[in-house]
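K.L.:
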Amino acid sequence: MTPSARLAAAIDLLTAMEATPRRPADAVANAFFRERRYIGGGDRRVVSTRVWSVLRQWRHVEWWLDRAGVPATPRSRIIAMLALSPRPGEAPQDLFAGDRYAAAPLSAAERDLAARLRGQDLIHPDMPRAVALEVPDWLLPRLEAMFGDDLAREIEALSGEATLDLRVNLLKTTRAEARRSLAADGIMAEDTMLSPWGLRVPGRQPVTATAAFKAGLVEIQDEGSQVVVAAADARPGMRVLDYCAGAAGKTLGMAMTMQNRGHIVACDVSEARLDGAVRRLRRAGVHNAERHLLVPGDRWAKRRAGSFDRVLVDAPCTGTGTWRRNPDARLRLTEQDLAELTVKQAEILDTAATLVRPGGRLVYATCSILREENQDRIETFMRASPHFRRAEPDAECGLPAGVAHEGMIALSPLRDRTDGFFAAILERTA
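Here the sequence shown is numbered in the UniProt record's numbering, starting from 1 and rising by one per residue.
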């Protein structure tokens, strides 16, 4: 595709996203590219990079367009980004070429907009702080209370490009062998700092096309998510439950630490997500896992009360810790969403707690940075559950000393270079 055609595709993708504002941007993008098979892998990456850059600066661009008296549309957002954040060799008048597959030429008003914005900084001193930080207005006071003077730096880290992390599958290989296999396909990786099985790959690389990925030697998984798996400390011979398994990313990790011995159950309320786990489990060589679909009125949990050595609750949450990957999530998140999620988290945690045997452990995790979903949730649970106590991760799980504090782990992109993750390790007393 020509640069002009890529730009036109970016405008079309943004238009598709605006048409379904409650749908995650990555889901819209996946459907968009499936319907346009003629867009190759390299072109998809260029188009996605441009669109995600707009999503990361959504409120900044909207403020500038409002200041200029121009309606915010996919086309005007792209024009504004080209002017406010120019790249070498990308003149707006050249990219809006008007020829076949290209966007229509700039109008006189659009040329004027580009000229007025050219040379301006994306962040202006007159911007309200929530706009400058690219966070919802209602969420700003909570974040200020949490991070204080470090808020701007935390949000900057949370707004940057996400790292590409891999978990080495020790059922099939070693860390060193996985690195060599990736290197044979031209992908250089380095060991992660926190996860004992993690590799970090620079930039956006076609990992899924490598022999290592196809053979199940590595799985794409953020280092923070790998830390949660390590905190669960699922061991060979145990009975383990992944209560909100989704597509089973953490199930795969725990099956690995169990060395395929014992029994692990992946539960979820979504049949589609559980079905999507089948191929991943097969590729990883996992054969000690089963799946269970949770449905309303299901007595499955009651019949298995007190029978699991480990129960992992990867709770549904706001996803505020994943804004590096999902900047559009900031645009969809409402205060009502948070209120509804905390109620759901409490219900899930209470049910999951009944499944833990005496002496077993319950690990509660989110990909959120908000106290209401993390520390506050655990404190509320502990007050109502005297038969649980906080526990530190065992040294054998492979996590560095000091990563947990009083049985809780809180990771941030600024300090840990991971997504924002939280985990609490709770042990049921005998």
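Where a beta carbon is used, it is the ideal one built from N, C-alpha and C, also for glycine.
Values in this document were obtained by computation on a predicted structure and should not be read as measured data.
Just curious, the alpha helix (DSSP H) that MET81 is in, first and last residue?
P.N.:
Position 81 of the sequence shown, counting from 1, holds the residue named residue 81. Where MET81 is concerned, the enclosing alpha helix (DSSP H) stretches over 74 to 84.
K.L.:
For a test of the three-state rule: what should DSSP assign to ASP314, helix, strand or coil?
P.N.:
Residue numbering aside, residue 314 sits at position 314 when the sequence shown is read from its first letter. The answer is strand: DSSP assigns ASP314 an E or B state.
K.L.:
Counting only the same chain and skipping the five closest in sequence on each side, list residues whose C-beta sits under 6 Å from that of CYS397.
P.N.:
Locating residue 397 in the sequence shown gives position 397, counting from the first residue. Taken in chain order, the residues that qualify are ALA230, ASP233.
K.L.:
Would you say MET408 touches the ligand GDP, meaning its beta carbon is less than 6 Å from a heavy atom?
P.N.:
The ligand GDP is not among the ligands present in this structure, which contains no ligands whatsoever.
K.L.:
In the DSSP assignment, the beta strand (DSSP E) including THR366 goes from what residue to what residue?
P.N.:
Your numbering for residue 366 matches position 366 in the sequence shown. Per DSSP, THR366 belongs to the beta strand (DSSP E) from 356 to 366.
K.L.:
Closest by CA to ILE123, which one among SER4, ALA212, ARG180, ARG56?
P.N.:
Taking the sequence shown and counting its residues from 1, the one referred to as residue 123 is at position 123. It is ARG56 whose Cα lies nearest to the Cα of ILE123.
K.L.:
Give the straight-line distance between the Cα atoms of ARG325 and SER307, rounded to the nearest whole angstrom.
P.N.:
In the sequence shown, the residue the question calls residue 325 occupies position 325. In the sequence shown, the residue the question calls residue 307 occupies position 307. For ARG325 and SER307, the distance between alpha carbons rounds to 36 Å.
K.L.:
Looking only at its chain, what residues have a beta carbon closer than 8 Å to the beta carbon of MET254, apart from the 5 residues adjacent to it on each side?
P.N.:
The residue given as residue 254 occupies position 254 in the sequence shown. Hits under 8 Å: VAL229, ALA232, ALA234, VAL240, ASP242, ILE264, ARG310, LEU312.
K.L.:
Mind checking whether PRO296 and ARG261 have CB atoms under 7 Å apart?
P.N.:
Locating residue 296 in the sequence shown gives position 296, counting from the first residue. Locating residue 261 in the sequence shown gives position 261, counting from the first residue. Not closer than 7 Å, so no.
K.L.:
Per DSSP, which one or two residues make a beta bridge with residue 446?
P.N.:
Not covered by the structure: residue 446. The range shown for the chain is 1 to 430.
K.L.:
Less than 8 Å between C-beta atoms, sequence neighbours within five positions excluded: which residues of the same chain meet that for ARG22?
P.N.:
In the sequence shown, counting from the first residue as 1, residue 22 sits at position 22. Hits under 8 Å: ARG332.
K.L.:
Suppose you measure from the CA of ASP26 to the CA of ALA157; what does that come to, to the nearest Å?
P.N.:
As a first step, residue 26 must be located in the sequence shown, where it is residue number 26. As a first step, residue 157 must be located in the sequence shown, where it is residue number 157. Computed Cα separation, rounded: 20 Å.
K.L.:
Could you pull out every residue in the same chain whose Cβ sits closer than 6 Å to the Cβ of GLU335, ignoring the five residues on either side in sequence?
P.N.:
As a first step, residue 335 must be located in the sequence shown, where it is residue number 335. Around GLU335: TRP138.
K.L.:
Suppose you measure from the CA of THR429 to the CA of ALA384; what does that come to, to the nearest Å?
P.N.:
The residue labelled residue 429 in the question sits at position 429 within the sequence shown. The residue labelled residue 384 in the question sits at position 384 within the sequence shown. Roughly 14 Å separates the two Cα atoms.
K.L.:
Whole angstroms are fine: how far does the CA of MET382 sit from the CA of GLU18?
P.N.:
For the purposes of this step, residue 18 is identified with residue 18 of the sequence shown, where counting begins at 1. For the purposes of this step, residue 382 is identified with residue 382 of the sequence shown, where counting begins at 1. GLU18 and MET382: Cα-Cα distance of roughly 42 Å.
K.L.:
Under DSSP, the beta strand (DSSP E) around VAL201 begins and ends at which residues?
P.N.:
What you label residue 201 is simply residue 201 of the sequence shown in a count that begins at 1. Per DSSP, VAL201 belongs to the beta strand (DSSP E) from 198 to 201.
K.L.:
Relative to the C-alpha of LEU194, which residue among LEU170, GLY216, SER225 is closest?
P.N.:
Along the sequence shown, read from residue 1 onward, the residue named residue 194 stands at position 194. Nearest option by C-alpha distance: SER225.
K.L.:
Please determine, among ALA109, LEU217, ARG118, ALA16, the residue with the shortest C-alpha to C-alpha distance to SER85.
P.N.:
Locating residue 85 in the sequence shown gives position 85, where the first residue counts as 1. Checking every option, the nearest Cα to that of SER85 belongs to ARG118.
K.L.:
Measuring only the C-alpha atoms, how far is VAL269 from CYS244?
P.N.:
For the purposes of this step, residue 269 is taken as residue 269 along the sequence shown, with counting starting at 1. For the purposes of this step, residue 244 is taken as residue 244 along the sequence shown, with counting starting at 1. Approximately 8 Å, taken between the alpha carbons.
K.L.:
Exposed or buried, GLU347, counting other C-beta atoms within 10 Å across all chains shown (16 or more means buried)?
P.N.:
Translated into positions along the sequence shown, residue 347 becomes position 347. So GLU347 counts as exposed.
K.L.:
Who does LEU241 pair with in a DSSP beta bridge?
P.N.:
For the purposes of this step, residue 241 is taken as residue 241 along the sequence shown, with counting starting at 1. BP columns for LEU241 point to VAL265, VAL311.
K.L.:
Look at the alpha carbon of residue 472 and the alpha carbon of SER107, and state the distance between them as a whole number of angstroms.
P.N.:
The displayed coordinates of the chain run from 1 to 430. Any statement about residue 472 would go beyond what the structure contains.
K.L.:
Which two residues bound the contiguous beta strand (DSSP E) that contains ILE220?
P.N.:
As a first step, residue 220 is located in the sequence shown; it is residue number 220 there, counting from the start. First-last of the beta strand (DSSP E) with ILE220: 218 to 220.
K.L.:
Tell me the DSSP bridge mates of ARG291?
P.N.:
Looking up residue 291 in the sequence shown gives position 291. For ARG291, which the question treats as bridged, DSSP gives the partners ALA266.
K.L.:
Taking DSSP's pairing of strands, which residues face ILE409 in a bridge?
P.N.:
The residue given as residue 409 occupies position 409 in the sequence shown. BP columns for ILE409 point to ALA423.
K.L.:
Restricting to runs no shorter than 4 residues, where is the alpha helix (DSSP H) found entirely within the stretch 148 to 181?
P.N.:
If we require 4 residues or more, the alpha helix (DSSP H) runs fully inside the stretch 148 to 181 come out as 151 to 158.
K.L.:
Using three-state DSSP, classify ARG390 as helix, strand or coil.
P.N.:
Here residue 390 refers to the residue found at position 390 when the sequence shown is read from its first residue. DSSP places ARG390 in strand when its eight states are reduced to three.
K.L.:
Between the C-alpha atoms of SER159 and TRP323, what's the straight-line distance to the nearest angstrom?
P.N.:
As a working note, residue 159 is residue 159 in the sequence shown. As a working note, residue 323 is residue 323 in the sequence shown. Each residue's Cα considered, the two are about 6 Å apart.
K.L.:
Taking DSSP's pairing of strands, which residues face ARG428 in a bridge?
P.N.:
Start at 1 with the first residue of the sequence shown, and residue 428 comes out as number 428. Beta-bridge pairing links ARG428 to PHE388.
K.L.:
How many angstroms separate the CA atom of PRO358 from the CA atom of HIS387?
P.N.:
To locate residue 358, count along the sequence shown from 1; it is residue 358. To locate residue 387, count along the sequence shown from 1; it is residue 387. Rounded to whole angstroms, PRO358 to HIS387 spans 9 Å at the Cα level.
K.L.:
Judging by CA-CA distance, which residue of ALA9, ASN169, GLU154 is the nearest neighbour of GLN259?
P.N.:
Translated into positions along the sequence shown, residue 259 becomes position 259. The option with the nearest alpha carbon to GLN259 is ASN169.
K.L.:
Helix, strand or coil for GLU62, going by three-state DSSP, please let me know.
P.N.:
To locate residue 62, count along the sequence shown from 1; it is residue 62. Looking at GLU62 - three-state DSSP - the assignment turns out to be helix.
K.L.:
Check GLU271 in the structure and name its three-state DSSP category.
P.N.:
The sequence position of residue 271 within the sequence shown is 271, counting from 1. Looking at GLU271 - three-state DSSP - the assignment turns out to be helix.
K.L.:
Name the two residues that bound the continuous alpha helix (DSSP H) containing VAL28.
P.N.:
Here residue 28 corresponds to residue number 28 of the sequence shown, with the count starting at 1. Here the alpha helix (DSSP H) through VAL28 covers 25 to 34.
K.L.:
With the cut-off set at 7 Å, would you say TRP58 and VAL131 are in Cβ contact?
P.N.:
For this step, residue 58 is matched to residue 58 along the sequence shown. For this step, residue 131 is matched to residue 131 along the sequence shown. Taking 7 Å as the Cβ cut-off, TRP58 and VAL131 do not qualify as a contacting pair.
K.L.:
Take the Cβ of ASN374 as the centre, count every other Cβ of all protein chains shown within 10 Å, and call the residue buried at 16 or more, exposed below.
P.N.:
On the sequence shown, residue 374 is found 374 positions in, with the first residue counted as 1. By the 10 Å Cβ count, ASN374 comes out buried.
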